[in-house]
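Here is the structure we will look at, set down as structure tokens.
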């Protein structure tokens, strides 16, 4: 029998932690009292096992649970179900890590491009990479295309839709993709260096597939998807069906308090094929601790079976005046994503401001 | 312009709550400083608005935010994105309610059967309904089918897969569905009253669709789906494509601490087509407060546009000795779901124990 190890932080009094850990192991496998199981092979091969309990801080314990891989059968939705299905409904339980044995890990191809593929696409073998977001939603297609062109002229590598931009009447998906692709092409013809527009794919699986086809037909190479919004299993299907796209993964609906951000964005998104997970940076609008951001970036890049490394993309209230600090913190295998802070400059002032961003990144390392 | 109202509980000091509420409104609409918006129509028509702030308890405020329906365009994934996308990443923010204006609500057909359809299917116009779960996973198909037959012979209305049962080698989906459908048919022929087997549909959208077709071809009428596991948008597609199924919605991966259970299970699941949301009962393995369970059941049944009422299904550590209490609490428009507690009886003893459950429910009201 093969077992994966899922690790949880559980808030409990010391005298209760053993019982709570055991209850979690049962909840995440057979979901009934062991008295109700009348087949000893199930006790031996299916019931999950508490592997270790360690004190984590004053209120919480770190609990490692072994879950039989046979219960998962290599399937994405069932993986989530078995590691954080019912126990997500308990308060004071957070999923913080996941170790998959090689045979199960091999069922997940992970990023199809990852750091090496993105660097090859952008012809940027070593330097840090840049991204900017077109904001705000509500702008008409022509305005978005203008922003897209300006950012690419400034030398930004990836110009992405803001994640609120979907398929609204004020900027319908097919028209937007066509216009922004044309704008990017114009800029690339002018600068002579690669740059990519990343449209936001969002919707039910049927809409996702329709929009992915439109994007592919328009020559799009990089897309933005929020895996928790579309659903992790739907994200997996999308990557499998459209492996040529580079996937920027957005953290929206990540409810990060219940799954540790380094695990959800750094490992699980990567496992399912995210080439470049976007996450909220320390000191920005979301105030993640710096150590958590470092752990997330490390998890995205760390050796993990045969999975390609994914490119960390810190974002969320990034400012031009922090570029040096952030590159010193994250190092060159990083894409810096700045959105609204660039857009404080309007009209003619936007190009030099975006260019300043790009130049800072280029010369820093 | 039409606006929906999303309501949040936000933990903040009194002197900070106005700024935090305003920051949330911006985060959930334009995601940039208002200074970066140079088009007054966007300020007027797209930026979300704080409608009210009320103290909720010592640490939290109840904040109502109006979000422009134009940003959602009637699409399921984008609805989630706009009401709880980025702000789910903030600690101390919980989404607790959602009010949709009529034109937006009309884009969501909700339950295709709901309480009246389930009652018609079971030929049970007034009494409370019963459900039992086949457990544990790991049992071979023949054993599951035997459990299914026994529960149906005892008079249980809906016999469902445990939600850990997926498509594992020990009980592959097609064989399991065929065997359990045959077992139910045998029992129905013997008792002369309707009963239904509800297989668990789980997987990526492609697997979901394949399994739904298999189930339909085998004559299945009721299915179990965990909308948060498969992803809310994928659940929506499934209901649209297979409207003839009655959907029992399982709460797995519901991470209930961040979206209030009455909203997620009582309203959002219903909005997307769940006929009968399963939720964790008070006093069981999950210890939801009783008031929250009552609010959830009320939300599932309450008048809401043209949506059919959904059938509340309390579950999670239910016991035979609590049937009277629970029916008094929930009333007759309820399906009681008992899993492991019935299975404490083995072999020949299972039928009378399951029959006792059914009889208690039949005679109580």
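Chains as they are written, first to last, in the working numbering: chain Y, 20 to 384; chain U, 20 to 384. Even glycine gets a Cβ: it sits at the ideal position worked out from N, Cα and C.
Cutoff 8 Å: residue i Cβ touching any chain U Cβ
{"i": "residue 155 (chain Y)", "result": "yes"}
{"i": "residue 233 (chain Y)", "result": "no"}
{"i": "residue 97 (chain Y)", "result": "yes"}
{"i": "residue 101 (chain Y)", "result": "yes"}
{"i": "residue 292 (chain Y)", "result": "no"}
{"i": "residue 139 (chain Y)", "result": "no"}
{"i": "residue 250 (chain Y)", "result": "yes"}
{"i": "residue 54 (chain Y)", "result": "yes"}
{"i": "residue 245 (chain Y)", "result": "yes"}
{"i": "residue 29 (chain Y)", "result": "no"}
Per-residue contacts from residue i into chain Y (C-beta, under 7 Å)
{"i": "residue 300 (chain U)", "result": "Residues of chain Y passing the Cβ test: none, with the nearest at roughly 11 Å."}
{"i": "residue 305 (chain U)", "result": "108 and 109"}
{"i": "residue 120 (chain U)", "result": "Those do not exist, as residue 120 (chain U) stays about 16 Å from chain Y at its closest Cβ, beyond 7 Å."}
{"i": "residue 277 (chain U)", "result": "274, 276 and 277"}
{"i": "residue 388 (chain U)", "result": "A question about residue 388 (chain U) goes unanswered here, because the residues of chain U that appear run from 20 up to 384."}
{"i": "residue 256 (chain U)", "result": "223, 224 and 225"}
Chain-ordered chain U contacts of residue i [CB-CB under 7 Å]
{"i": "residue 107 (chain Y)", "result": "272, 273 and 274"}
{"i": "residue 365 (chain Y)", "result": "57"}
{"i": "residue 178 (chain Y)", "result": "Those within 7 Å of residue 178 (chain Y) in chain U number zero; the least Cβ separation is about 15 Å."}
Beta-carbon gap between residue i and residue j smaller than 8 Å
{"i": "residue 108 (chain Y)", "j": "residue 305 (chain U)", "result": "yes"}
{"i": "residue 360 (chain U)", "j": "residue 339 (chain U)", "result": "yes"}
{"i": "residue 153 (chain Y)", "j": "residue 176 (chain Y)", "result": "no"}
{"i": "residue 69 (chain U)", "j": "residue 41 (chain U)", "result": "yes"}
{"i": "residue 169 (chain U)", "j": "residue 370 (chain U)", "result": "yes"}
{"i": "residue 24 (chain Y)", "j": "residue 82 (chain Y)", "result": "no"}
{"i": "residue 356 (chain Y)", "j": "residue 373 (chain Y)", "result": "no"}
{"i": "residue 120 (chain U)", "j": "residue 88 (chain U)", "result": "yes"}
{"i": "residue 275 (chain Y)", "j": "residue 243 (chain Y)", "result": "no"}
{"i": "residue 104 (chain U)", "j": "residue 71 (chain Y)", "result": "no"}
{"i": "residue 224 (chain U)", "j": "residue 256 (chain Y)", "result": "yes"}
Short CB-CB distance (under 8 Å) between residue i and chain Y
{"i": "residue 89 (chain U)", "result": "yes"}
{"i": "residue 332 (chain U)", "result": "no"}
{"i": "residue 187 (chain U)", "result": "yes"}
{"i": "residue 135 (chain U)", "result": "no"}
{"i": "residue 34 (chain U)", "result": "no"}
{"i": "residue 79 (chain U)", "result": "no"}
{"i": "residue 242 (chain U)", "result": "no"}
{"i": "residue 82 (chain U)", "result": "no"}
{"i": "residue 61 (chain U)", "result": "yes"}
{"i": "residue 65 (chain U)", "result": "yes"}
For residue i, the nearest candidate out of the options (CA to CA)
{"i": "residue 382 (chain Y)", "options": "Y:241, Y:350 and Y:225", "result": "Y:350"}
{"i": "residue 136 (chain U)", "options": "U:234, U:75, U:266 and U:345", "result": "U:266"}
{"i": "residue 193 (chain U)", "options": "U:45, U:332 and U:229", "result": "U:229"}
{"i": "residue 206 (chain U)", "options": "U:368, U:224 and U:174", "result": "U:174"}
{"i": "residue 47 (chain Y)", "options": "Y:238, Y:227 and Y:102", "result": "Y:102"}
{"i": "residue 375 (chain Y)", "options": "Y:268, Y:151 and Y:49", "result": "Y:151"}
{"i": "residue 126 (chain Y)", "options": "Y:105, Y:134, Y:94 and Y:138", "result": "Y:94"}
{"i": "residue 343 (chain U)", "options": "U:378, U:298, U:130 and U:331", "result": "U:378"}
{"i": "residue 354 (chain Y)", "options": "Y:116, Y:155 and Y:300", "result": "Y:300"}
{"i": "residue 281 (chain U)", "options": "U:291, U:298, U:268 and U:294", "result": "U:298"}
Reduced DSSP category for residue i - H, G, I as helix; E, B as strand; rest coil
{"i": "residue 27 (chain U)", "result": "strand"}
{"i": "residue 138 (chain Y)", "result": "helix"}
{"i": "residue 114 (chain Y)", "result": "strand"}
{"i": "residue 314 (chain U)", "result": "helix"}
{"i": "residue 374 (chain Y)", "result": "helix"}
{"i": "residue 151 (chain U)", "result": "strand"}
{"i": "residue 48 (chain U)", "result": "coil"}
{"i": "residue 220 (chain Y)", "result": "coil"}
{"i": "residue 256 (chain U)", "result": "helix"}
{"i": "residue 207 (chain U)", "result": "helix"}
{"i": "residue 271 (chain U)", "result": "coil"}
Cross-chain neighbours of residue i in chain U, by beta carbon under 8 Å
{"i": "residue 375 (chain Y)", "result": "Going along chain U, no residue has its Cβ under 8 Å from residue 375 (chain Y), so there is no contact; the nearest lies around 16 Å."}
{"i": "residue 58 (chain Y)", "result": "157, 158 and 162"}
{"i": "residue 92 (chain Y)", "result": "185, 186, 187 and 188"}
8 Å Cβ cut-off: residues of chain Y touching residue i
{"i": "residue 48 (chain U)", "result": "155, 156 and 183"}
{"i": "residue 218 (chain U)", "result": "Simply none; closest approach about 14 Å."}
{"i": "residue 104 (chain U)", "result": "182, 183, 245, 248, 271 and 272"}
Under 9 Å from the C-beta of residue i: neighbouring residues of chain Y
{"i": "residue 51 (chain U)", "result": "152, 154, 155, 181, 358, 359, 360, 362 and 363"}
{"i": "residue 196 (chain U)", "result": "Near residue 196 (chain U) there are no residues of chain Y at all, since even the closest Cβ is about 16 Å away, more than 9 Å."}
Contact set between residue i and chain U, taken where Cβ atoms lie within less than 9 Å
{"i": "residue 175 (chain Y)", "result": "Simply none; closest approach about 16 Å."}
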